[in-house]
Every structure is written in C-alpha cells, then in structure tokens.
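This report concerns only the one structure given below.
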Amino acid sequence: MNVTRNNKTEMIQRAAKLHNDGLAVEVIAERLGVTDRTVGSYISRARAGGLVSGASNSVGRLMRTLPPEVRAWLDAQVPPGGTVAEMIAAIIADAYYDANHIAFPDTGM
Numbered sequence: 872m873n874v875t876r877n878n879k880t881e882m883i884q885r886a887a888k889l890h891n892d893g894l895a896v897e898v899i900a901e902r903l904g905v906t907d908r909t910v911g912s913y914i915s916r917a918r919a920g921g922l923v924s925g926a927s928n929s930v931g932r933l934m935r936t937l938p939p940e941v942r943a944w945l946d947a948q949v950p951p952g953g954t955v956a957e958m959i960a961a962i963i964a965d966a967y968y969d970a971n972h973i974a975f976p977d978t979g980m
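Under my numbering, residues 872 to 980 are what the sequence shown spells out, in order.
Next up, the structure:
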C-alpha cells in the first residue's frame with residue numbers, strides 16, 4: 872500500500888488518540904487496518920512528537936482492567952474529540968462535587 876506523507880501523519884495522530892483513549896495495540900491495529908507492529912511504530916513516532924501523554928499509559932492499564940462492557944460504556948460516554956482520560960477526570964470531579972454538596976462551577980447547580 873502506497874501511503875502518502877499526509878496520510879501517514881493522519882494515521883499516527885489517529886493511533887495516538889486511540890492509544891491515549893486506552894485501547895490495546897491489537898484493537899488499534901484492527902481499527903486502522905494495519906499490523907500490530909505498524910501501530911507500535913506509529914505510537915513511537917507519536918510519543919516522540921508529544922502526541923502521547925505519560926498519563927495515557929496509566930489510563931491504558933486502567934482500561935485493560937475493566938470488563939469489556941464497562942470499557943464499551945466508557946468509550947461511548949466520551950464526547951467527540953475528547954479522550955477517556957478527560958472523561959474519567961470529569962466523572963471524578965462530578966463525584967467530588969456531589970459528595971461534598973458543592974455547586975458545579977460551570978452551572979451553579
């Protein structure tokens with residue numbers, strides 16, 4: 872397959888987002904239609920380019936400990952353009968405000 876430079880850059884960015892969302896290499900490979908080895912190369916390049924955060928490794932480990940149906944639910948909750956890490960942070964903030972009976976800063980509710 873002849874991959875253009877722009878297409879390769881896009882694939883690296885897509886792989887980085889999926890990796891940051893906590894998906895396993897095998898799942899990323901399946902979604903992108905490439906081999907596991909190619910995904911590894913994309914992630915390595917993404918890491919060098921600052922597209923992969925250090926926290927994503929922790930999120931990835933966390934996601935792998937969740938049952939598949941819970942991972943699927945969490946993935947479905949993430950707004951377009953967001954990440955699983957951001958969603959987890961929002962859930963934690965929501966729980967904190969609720970537990971402490973504090974109004975949500977953005978709504979006052």
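Glycine is no exception: its CB is placed at the ideal position from the N, C-alpha and C atoms.
Looking only at its chain, what residues have a beta carbon closer than 8 Å to the beta carbon of residue i, apart from the 5 residues adjacent to it on each side?
i	result
Val847	Within the shown structure, residues of the chain are numbered from 872 to 980, placing residue 847 beyond reach of any answer.
Met872	Only weak support is given to the placement of Met872: the predicted model assigns it a pLDDT of 49, under 50, and the value that follows is read from those uncertain coordinates. Here the set comprises nothing.
Asp946	Asp892 and Val955
When DSSP labels each residue in this structure, what does residue i get in the three-state scheme?
i	result
Val898	helix
Asp1053	Summary: the structure shown does not reach residue 1053, with the chain confined to residues 872 through 980, and so no result is reported for it.
Asn971	coil
Gly952	coil
Is the distance from the Cβ of residue i to the Cβ of residue j below 8 Å?
i	j	result
Gly921	His890	no
Val910	Leu903	yes
If you follow the alpha helix (DSSP H) that residue i is part of, which residue opens it and which one closes it?
i	result
Gly911	Asp907 to Ala919
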